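See structure below.
Numbering (the UniProt record's numbering), first residue to last: 1 to 194.
Here it is as structure tokens:
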């Protein structure tokens, strides 16, 4: 068995990336598949997204999380200033349930939501605004209040819209905006059998 220690990894390779697919995108170019890379950023994804470099921001780890500046958001183009707000990208968070809306809401009636990574906005795909059926023609929303938390948690609803890069060596985080050609807003199955 070969053991690789953190000190053995070159600083420019101390990173991992996350591309989170969705069952909704099984007919798309990436076939809805998820993947991670370790030690490099997938150039094919950057090319497909039309960028040469991800948008990087520094991180603050003093509170035990990889926090980054997220000073504003927008809904349908209306900027919401959030001052010195910070956020974390959490690959293990789906959401906390609460907000509901009608299943079958047309795409053009769903709001355009963007969240900031540093000074750049990234759009949450409309197909990910709905999370799961709740019954009586309604579904849980994928964006929830942070409650009393001192920072935002950007989980799967946000991360499905970007190619996320976690650079441990240089203490920074980045995203690349992904856009699905078609938005599949079918409500997610509940897992219950009829």
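Ideal Cβ positions, reconstructed from N, Cα and C, are used throughout, including at glycine.
From a predicted model like this one, the values you see are computed outputs, not experimental measurements.
### Query
For the 8 Å Cβ check, are there 3 or more pairs between the stretch 162 to 175 and the stretch 46 to 65?
yes
### Query
With a Cβ-Cβ cutoff of 7 Å, do residue 166 and residue 87 count as a contact?
no
### Message
Could you give the first and the last residue of the continuous alpha helix (DSSP H) run that contains residue 45?
### Response
43 to 49
### Task
For the alpha helix (DSSP H) holding residue 159, just list the boundary residues, first then last.
156 to 159
### Message
Using only the alpha-carbon positions, how far apart do residue 97 and residue 156 sit?
### Response
Low confidence applies to residue 97: its pLDDT is 44, below 50, so where it sits in the model is not reliable, and the reading given next is rough at best. Approximately 13 Å, taken between the alpha carbons.
### Query
Can you find at least 3 beta carbon pairs, one from the stretch 67 to 81 and one from the stretch 106 to 116, that sit closer than 8 Å?
The answer is yes - the stretch 106 to 116 touches the stretch 67 to 81, with three or more Cβ pairs under 8 Å.
### Message
Which runs of the alpha helix (DSSP H) at least 4 residues long sit entirely within the UniProt domain "Peptidase A1" (12 to 97)? Give them in chain order.
### Response
43 to 49
### Task
Could you tell me which of 107, 120, 160, 130 sits nearest to residue 182, measuring between CA atoms?
107
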